[in-house]
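Everything below concerns the one structure shown next.
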Amino acid sequence: MQLIAILLALGLERLLGQLSWWGQPFLQQTTLRGARRLMPWPAIWRSPVIVPILLLPPMALTAALESQIENPFVSLAWSTLVLLLCLGPRDLADDINSLIAARNAGDTATATRLARALQRGPEPDASHRSLIGALFIQSHERLFGVLLWFFVLGPVGAVLYRVASRLPRLLHQEGETLGAQFADTLHGLLAWIPARITALLFGLAGSLDDALKAWARLRSDPVFNRQAGWSRQTWAILAEIAIGGLETDGEDGGGPALPPTFEATLSEVQSLQTRALLILLAFFAFFATGAWVSGF
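Under UniProt numbering, the residue at position 215 of the sequence shown is numbered 215, and the numbers go up by one with no gaps.
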């Protein structure tokens, strides 16, 4: 059922992405404002305890509702709905296409705004903050991280990662620095293994040799290992390995190189994400089929 729910959610996300209002992060922002009205105590909001207070209720509600569902078709519909709401907030391909269209139209202001929006969220250290690397991080945050946690824990897992990945930014916007730091640590813990799986998927979908070389370079870089914290290392590894998977052999035989134009690079990022997603779905299908067969 999980695999069917994933396929349905991905298809619905693609269809609903055509609607201008879809993908706006209203739900969590509204929930955060409601929580502030219910708990108008500054001491709580300045404490790390605000993170479990905001994280556990949606998980508990999801688990409670799921436990009441006995019909398998209703369970499938519920899982699909929860996963659909946890993906995004928008499909990365839509944002990339909008960025390409703005650049082609000469709309510098829109292109700059879209590029900055794509670079929001978790970032590695300054030497890895390229837009291309940020796109791969966004791909993990919007898609792969949620899918991996959904496959492990079902709807509760999708809610867990979706809320945990958004809380650092939301709390920073609210000026709650201590809570945001704790939320960022929790996010890093939840992303530590999935981000590396995503990096491997991008490597398998592209140039695996170059991806592994990029990983080896990071592991052997003493400055990077000394200065970057464990959480930042996760995002740097994801960005660098994915970019390594994107590289192709240069026409002059001079070694790996990125596509010749920025637009071509963005298009290849989309293609690489699609191929990585197909590989992940194939693994999901393999494990789901094995579980189904073992039930007989």
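We treat Cβ as the ideally placed atom computed from N, Cα and C, and that holds for glycine.
Just so we're clear, the structure is a prediction, and the values are computed from it rather than from any experiment.
Measure the C-alpha to C-alpha separation of residue i and residue j and round it to an integer number of angstroms.
| i | j | result |
| --- | --- | --- |
| S271 | L246 | 10 angstroms |
| L3 | A43 | 43 angstroms |
| E268 | R36 | 43 angstroms |
| E263 | G244 | 18 angstroms |
| H172 | A180 | 6 angstroms |
| N104 | D91 | 21 angstroms |
| L16 | R217 | 41 angstroms |
| L114 | S47 | 33 angstroms |
| F287 | T112 | 42 angstroms |
| T274 | V49 | 38 angstroms |
| F284 | P52 | 30 angstroms |
| G206 | L38 | 49 angstroms |
| G88 | L200 | 21 angstroms |
| T265 | S98 | 14 angstroms |
| Q68 | L281 | 28 angstroms |
| W78 | T31 | 20 angstroms |
| residue 373 | A183 | Since the first residue shown for the chain is 1 and the last is 296, residue 373 is missing from the structure and cannot be characterised. |
| L118 | A134 | 7 angstroms |
| A276 | F136 | 11 angstroms |
| F26 | A236 | 29 angstroms |
| D221 | R166 | 30 angstroms |
| I96 | L12 | 19 angstroms |
| L178 | P72 | 43 angstroms |
| A158 | D209 | 32 angstroms |
| K213 | I132 | 18 angstroms |
| L170 | G34 | 13 angstroms |
I'd like the list of long-range same chain contacts for residue i, defined as Cβ closer than 8 angstroms, with 5 residues on each side in sequence excluded.
| i | result |
| --- | --- |
| V163 | Q28, L54, L55, P58, M59 |
| G254 | Annotation note: pLDDT 46 at G254 (below 50); position unreliable, coordinate value reported separately. For G254, where only same-chain residues beyond five positions count, there are no Cβ hits under 8 angstroms. |
| residue 334 | With the chain running from 1 to 296 in the structure shown, residue 334 is simply not present. |
| G188 | P122, W230, S231, T234 |
| E176 | W45, R46, I50 |
| D252 | With a pLDDT of only 49 at D252, under the threshold of 50, the placement of this residue in the model should not be trusted, and no figure is reported. |
What distance in whole Å lies between the Cβ atoms of residue j and residue i, which are believed to be in contact at a cut-off of 8 angstroms?
| i | j | result |
| --- | --- | --- |
| A211 | F202 | 7 angstroms |
| M1 | L76 | 5 angstroms |
Label residue i either buried or exposed according to how many other C-beta atoms from any shown protein chain fall within 10 Å of its C-beta, with 16 as the threshold for buried.
| i | result |
| --- | --- |
| E240 | buried |
| V74 | exposed |
| P40 | exposed |
| A126 | Interpretation of A126 is limited by its pLDDT of 45, a score under 50 that renders its predicted location unreliable; the figure taken from the coordinates is listed afterwards. By the 10 Å Cβ count, A126 comes out exposed. |
| W45 | buried |
| R14 | exposed |
| E70 | exposed |
| D107 | exposed |
| E109 | Note that residue 109 is Ala in the sequence shown here, rather than Glu. Flag for A109 reads exposed. |
| A101 | exposed |
| L61 | exposed |
| P168 | buried |
| H128 | With a pLDDT of 42 at H128, under the threshold of 50, the modelled position of that residue is not reliable, and no figure is offered here. |
| R142 | buried |
Grab me the residues of residue i's own chain with a C-beta within less than 6 angstroms of its C-beta, minus the 5 sequence neighbours each way, in chain order.
| i | result |
| --- | --- |
| L204 | I279 |
| T80 | A5, L8, A9 |
| L153 | none |
| S139 | L92, Q273 |
| E174 | none |
| D94 | G17 |
For residue i, is the beta carbon positioned less than 7 angstroms from some heavy atom of the ligand NAD?
| i | result |
| --- | --- |
| G203 | The model on display carries no ligand, and the ligand NAD is accordingly not part of it. |
Note down, in chain order, each residue of its chain lying with its Cβ closer than 7 angstroms to the Cβ of residue i, except the 5 sequence neighbours on either side.
| i | result |
| --- | --- |
| L148 | P194, I197 |
| Y161 | G145, V146, W149, L190 |
| A63 | V156 |
| L186 | V51, A164 |
| W215 | I237, I241 |
Q: Entirely within the region 164 to 221 and at least 3 residues each: give me those beta strand (DSSP E) ranges in chain order.
A: none
Q: List in chain order: all unbroken alpha helix (DSSP H) runs of 4+ residues lying wholly within the region 43 to 99.
A: 50 to 67, 72 to 86
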